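Heads up, the thing below is written out as structure tokens.
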């Protein structure tokens, strides 16, 4: 809050210019936070630290200490030049979580290893109760992408020490490559991994029922549901999808940390097995390391530690024809 010249408090605010479709999506997103709307407006809503008012003109006013964060969900805020603020294309749908979910007892799930040539895919789901949220924030639980592997390992151990209910599913490389040859996309694999992790955790905490389940969105919810149908499975109750969910949900952030910690542990095991440190990601260094493994152990050995359909496989094979 900022003092004005007449002694009043001027709240921080951001104004975005958005299209009608986005404003309607916002109205759905804030459906649990709607309040009486002023004349000339489409809707008004109130979060814990921000008031949102959308007008018929397309202008949306965000006011309060959380205005930057809340407006950032819908546009790219340019603080130096508000006229340069841009609308984003963040997808809002009927499976978008209500705002109250983030402060309630809920399950969150996330995955790791999907973009890495070496190593498996790991998916973790965590159940966090409302009264645990402040402690986990103090512990440093947040998006694992903003943490070092060393910090992730420390926080993961703390989560286990405090008996945070979780489940973990690991899809190792041989099974990954087998499913890929059968025609499974990586999206379908991730769908079934999340589904199994959520089923395991729901059974573990039963008869306790969370307020909802939030999945860090990696595909359209309709595609996710169709993948489940193809394997004769159905979506659990009160499931929501949200991109970058780990930035809003402490449960998804916890799942993200546990999944990453598991992935790093699996990579360490594979590195020990191969007698060489396997690099993460899908870089040129990865190509060269894979080439060395092919030359020493054969391509079959690569299939036990890597995702063979990645372009890195062909690049590695090309390296074996060179003297590097």
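Numbering (full-length UniProt numbering), first residue to last: 1 to 324. Don't be surprised by glycine CBs; every beta carbon is placed ideally from N, CA and C. Keep in mind the model is a prediction, meaning the values are calculated, not measured.
Local Cβ density within 10 Å of residue i, reported as buried at 16 or more and exposed below that
i	result
residue 312	buried
residue 250	buried
residue 123	buried
residue 276	exposed
residue 56	exposed
residue 110	buried
residue 279	buried
residue 316	buried
residue 181	exposed
residue 291	buried
residue 150	exposed
residue 195	buried
residue 83	Because the pLDDT of residue 83 is 43, which lies under 50, any placement of that residue in the model is unreliable, and the question is left without a value.
residue 64	buried
Distance, residue j Cα to residue i Cα
i	j	result
residue 41	residue 16	14 Å
residue 246	residue 101	13 Å
residue 353	residue 221	Coverage of the chain is limited to positions 1 through 324, which leaves residue 353 absent and any answer about it impossible.
residue 121	residue 12	42 Å
residue 130	residue 113	29 Å
residue 299	residue 293	8 Å
residue 234	residue 213	14 Å
residue 314	residue 173	17 Å
residue 144	residue 254	8 Å
residue 51	residue 285	49 Å
residue 205	residue 320	51 Å
residue 69	residue 288	42 Å
residue 99	residue 248	9 Å
residue 190	residue 176	11 Å
residue 283	residue 46	45 Å
residue 30	residue 208	27 Å
residue 271	residue 74	42 Å
residue 135	residue 318	51 Å
Cβ-Cβ separation, residue j to residue i (assumed contact under 8 Å), whole Å
i	j	result
residue 183	residue 223	Actually they do not touch by this definition, with Cβ atoms about 15 Å apart.
residue 218	residue 95	Contact doesn't hold; Cβ gap of about 13 Å is too wide.
residue 193	residue 179	The Cβ separation is near 11 Å, so there is no contact.
residue 38	residue 22	The Cβ separation is near 20 Å, so there is no contact.
Residues that residue i bridges to, as DSSP identifies them
i	result
residue 171	121
residue 193	In the DSSP output, where bridge partners are listed per residue, residue 193 has none listed.
residue 35	44
residue 15	61
residue 106	128, 212
residue 112	122
residue 72	Looking at the DSSP assignment, residue 72 forms no beta bridge with any residue, so it has no partner.
Any non-hydrogen atom of the ligand SAM closer than 7 Å to residue i Cβ
i	result
residue 264	Judged by which ligands are present, the structure shown has none, so any question about the ligand SAM falls away.
Checklist entry - Any contact of the stretch 19-27 with the stretch 51-70, i.e. 3+ C-beta pairs under 8 Å? => result Counting Cβ pairs under 8 Å, three or more are found: they touch.
Checklist entry - If you pair each beta-carbon of the stretch 151-159 with each one of the stretch 221-237, do three or more pairs fall below 8 Å? => result Judged by Cβ distances under 8 Å, the stretch 151-159 makes no contact with the stretch 221-237, as fewer than three pairs qualify.
Item to check | Inter-stretch contact (C-beta, 8 Å, three-pair minimum) for the stretch 254-271 and the stretch 123-141 | outcome: The stretch 254-271 is in contact with the stretch 123-141.
Next on the checklist: Under 8 Å: do the stretch 166-178 and the stretch 188-204 share three or more Cβ pairs, one atom per stretch?
Outcome noted: Short answer: they touch.
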